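Numbering (this note's numbering), first residue to last: 1 to 798.
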């Protein structure tokens with residue numbers, strides 16, 4: 001990393017001073033794997049991370065007398081971030097799935113982000129008598145430009161597949177060989193297992209260069225789809241705020257803090273032309289939804305501007321005895337939450353009419369020895385266009401790179417095939433806000449030692465799926481007389497949501513028509529598999545008791561704090577996956593069914609630290625006049641210690657069954673992710689205070705056999721027990737540091753550092769497997785922190 005910083009300060013006069021500063025930094029990670037910092041084979045994408053950060057500020061401070069001060073600052077930041085693949089630029093991918101060889105052609109088009117923020121703020125302070133008035137205003141403008149070439153699972157360059165499971169070519173199946181006696185035997189694949197047989201057929205297709213399928217994603221520029229061009233987003237957002245505050249010293253012992261803040265956050269928009277908005281409610285209640293162009297000049301926006309964001313602030317500080325040793329404080333305020341850039345990414349990347357996956361497959365059941373209608377691999381590499389396009393889709397060229405023909409037009413009204421998963425904001429979206437209140441006191445116990453006790457609380461005044469299906473209706477008449485075995489298995493497991501999804505959008509969907517049912521029997525709008533509607537309709541409540549003791553004395557600093565807290569909500573969001581997940585309630589019609597402990601709720605937290613200058617050596621309590629070798633050996637020592645102890649994080653146990661509804665794989669439901677994307681299990685025990693780490697033949701178990709038997713699969717139509725009802729392993733770690741300073745002349749000194757992390761080598765277990773249907777249910781397989789680490793360092797200060 002290379003960084004350059006410059007600053008200039010100028011006193012224009014006795015009352016006015018000007019400053020200017022700038023910083024530029026380059027940080028390039030030129031390693032092959034930017035995530036794990038480990039090299040990869042040459043056939044893997046390099047994915048280098050190129051970063052350029054810029055910041056500049058210009059400020060003027062004006063003192064108009066002893067009671068009036070004005071500060072105005074103009075700031076600018078830019079962060080250019082590129083993820084590139086210099087080894088395989090503009091490269092198509094060969095064998096994207098079912099690969100039996102290492103491909104030298106690796107696809108990864110890269111991504112780029114360039115967020116720019118410009119802000120101007122002006123603050124005025126005016127002191128008059130017992131009042132200290134403050135007023136200010138801030139204007140911010142955000143420019144977030146992005147390009148993304150990777151789709152899901154394909155990208156802007158073609159991906160070619162040979163796998164027999166992805167192609168109509170049967171490989172060796174159906175061919176015959178001539179025996180020495182003149183007879184023929186058909187190659188049926190008998191005698192080998194199915195995996196080897198598929199690999200053999202795939203390898204046969206590879207040797208002949210017979211491509212079974214070509215996939216490619218096309219992105220829109222708002223007017224049409226463009227080949228080999230990444231998704232381009234030019235997001236814009238402006239924010240304005242102003243405040244007025246009065247610190248009023250009513251008496252020498254009582255001070256009031258009174259203030260009012262106003263915030264106006266404009267509706268974000270995109271200047272790249274790809275922004276769209278639905279013309280009707282996503283639930284289909286007013287008919288099929290069309291996604292019309294939105295943004296500047298269209299008369300449509302994602303939601304209406306919320307213009308009533310007033311935030312009062314009330315606080316006080318009171319010295320009850322007037323001796324300066326005790327303070328009683330309290331406050332109440334409303335704080336508004338900003339719409340951060342990842343929220344924009346969630347919406348824009350899931351917009352319909354933005355991208356289209358185009359594919360070309362071989363004709364079904366081609367005759368052996370017949371000509372292939374898909375171009376052969378060697379022809380593609382020579383850039384020869386397929387002379388026999390199939391279904392209007394063929395191979396084209398752009399700068400020497402082959403690609404499928406560009407789709408003709410943007411389809412703004414999705415067909416009723418349950419293919420889209422849009423996410424939009426609620427039309428009357430309100431700026432989310434939090435009520436915060438505190439009350440506490442601080443008392444000096446004796447010289448250099450104080451204790452502080454506070455009560456802290458907050459209340460947050462999320463998204464829903466208006467297209468969630470009804471999965472508990474009468475299913476028997478939908479399959480006719482032929483119920484697939486897989487459906488029988490789901491019926492026996494109580495997977496009503498899975499069955500409903502299969503009937504609604506799977507090959508068995510013809511059962512809807514067979515049973516005389518409407519296309520909306522399961523999903524209100526058959527255009528979508530899931531439709532997210534972002535709203536400020538979630539709530540949370542946090543209450544805590546916080547106690548802190550501090551001692552600051554010459555040579556010794558000590559602090560310890562304890563927090564007893566409880567946080568509950570009906571949705572917890574940590575913006576995992578760079579904010580590209582849809583997070584919805586298990587039952588959007590009744591979000592309170594997911595109310596429970598927050599994902600981050602930790603009931604008990606104790607932390608403390610100590611910094612002790614050993615009182616031996618020159619200028620210290622003992623041997624203060626020593627010098628030379630004795631001081632070099634015994635003086636200048638410092639001991640540091642940090643203690644961190646807490647109870648565990650909460651977690652839910654999941655049934656492994658979709659008994660209430662079906663969760664799309666691109667959706668994170670009520671803090672559920674990964675394989676646990678199912679309904680919660682039913683707990684039948686007397687108390688949820690169960691679980692402790694115990695070693696046995698299974699490894700490390702959190703639940704005993706009797707405790708595991710307390711969990712059951714919910715019945716059809718049930719969600720399960722309370723969310724986050726169980727508590728995982730706690731945490732304990734003590735770190736110790738021993739430092740020694742050596743003076744080496746003048747202002748220079750050398751510091752020897754011995755640091756030991758996790759001194760007692762405590763094993764801090766991670767959360768247990770919480771999937772009821774897993775064979776390792778209740779087992780812990782990982783730890784939160786590594787074992788003891790000893791680190792020795794040497795620093796030179798000059």
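Ideal placement from N, C-alpha and C gives every residue a C-beta, glycine not left out.
Given the structure is predicted, the values throughout are model-derived calculations rather than measurements.
- With contact defined as three or more Cβ pairs closer than 8 Å, the segment 535-546 and the segment 694-709 are not in contact.
- Counting the other Cβ atoms within 10 Å of the Cβ of residue 629 gives fewer than 16, which makes it exposed.
- Between residue 459 and residue 435, the CB-CB gap stays under 7 Å.
- Scanning its chain for C-beta atoms nearer than 6 Å, with the 5 sequence neighbours on each side dropped, one finds around residue 422 the residues 350, 352, 531, in chain order.
- Taking a contact as a CB-CB distance under 8 Å, the pair residue 289 and residue 525 counts as one, their CB atoms being some 7 Å apart.
- Classified as exposed, residue 321 has fewer than 16 neighbouring CB atoms from the shown chains inside 10 Å of its CB.
- Per DSSP, residue 633 is one residue of the alpha helix (DSSP H) stretching across 628-634.
- In this structure residue 588 is buried. Its beta-carbon is surrounded by 16 or more other beta-carbon atoms within 10 angstroms.
- Of the candidates 742, 237, 65, 790, the residue whose Cα lies closest to the Cα of residue 634 is 742.
- Three or more Cβ pairs drawn from the segment 754-762 and the segment 780-794 lie within less than 8 Å of each other, which places the two stretches in contact.
- In the three-state DSSP reduction, residue 567 falls in the strand class (E or B).
- If you compare the alpha carbons of 626, 160, 247 with that of residue 206, the shortest gap goes to 160.
- Just so you know, the alpha carbons of residue 20 and residue 299 end up roughly 41 Å apart.
- In the three-state DSSP reduction, residue 347 falls in the helix class (H, G or I).
- Of the candidates 659, 623, 613, 607, 607 places its Cα closest to the Cα of residue 644.
- In this structure, the beta-carbon distance from residue 713 to residue 655 falls below 7 Å.
- Counting along the chain, residue 693 sits inside no alpha helix (DSSP H), nor does DSSP assign it H or E at all.
- Taking C-beta atoms under 8 Å as the contact rule, residue 356 and residue 407 qualify, at a distance of about 5 Å.
- For the pair residue 653 and residue 770, the CB atoms are nearer than the 7 Å cut-off.
- Under the DSSP assignment, residue 788 falls outside any alpha helix (DSSP H); it carries neither an H nor an E label.
- Here the C-alpha atom of residue 558 lies approximately 14 Å from the C-alpha atom of residue 452.
- Beyond the five residues adjoining it in sequence on each side, residue 550 comes within less than 6 Å, by CB distance, of 450, 559 in the same chain, given in chain order.
- Under the Cβ criterion (8 Å, minimum of three pairs), the segment 230-238 does not count as touching the segment 129-136.
- Across the structure, residue 309 and residue 267 are spaced so that their CA atoms are roughly 14 Å apart.
- Remark: C-beta atoms of residue 737 and residue 640 approach each other more closely than 7 Å.
- When rounded, the separation of the alpha-carbon atoms in residue 113 and residue 83 is 9 Å.
- Under DSSP, residue 137 shares a beta bridge with 122, 242.
- When only Cα atoms are considered, residue 78 and residue 224 end up about 31 Å apart.
- Just so you know, the alpha carbons of residue 216 and residue 456 end up roughly 53 Å apart.
- Beta-bridge analysis with DSSP links residue 437 to 332, 457.
- Residue pairing by DSSP puts residue 29 in a beta bridge opposite 49.
- About 7 Å separates the CB atoms of residue 424 and residue 277; that is less than 8 Å, so the two are in contact.
- Bridge pairing for residue 277: 292 [DSSP].
- Shown here for residue 553: same chain residues with a beta carbon closer than 6 Å to its own, the five before and five after excluded, namely 448 in chain order.
- Of the candidates 705, 317, 280, 338, the residue whose Cα lies closest to the Cα of residue 533 is 280.
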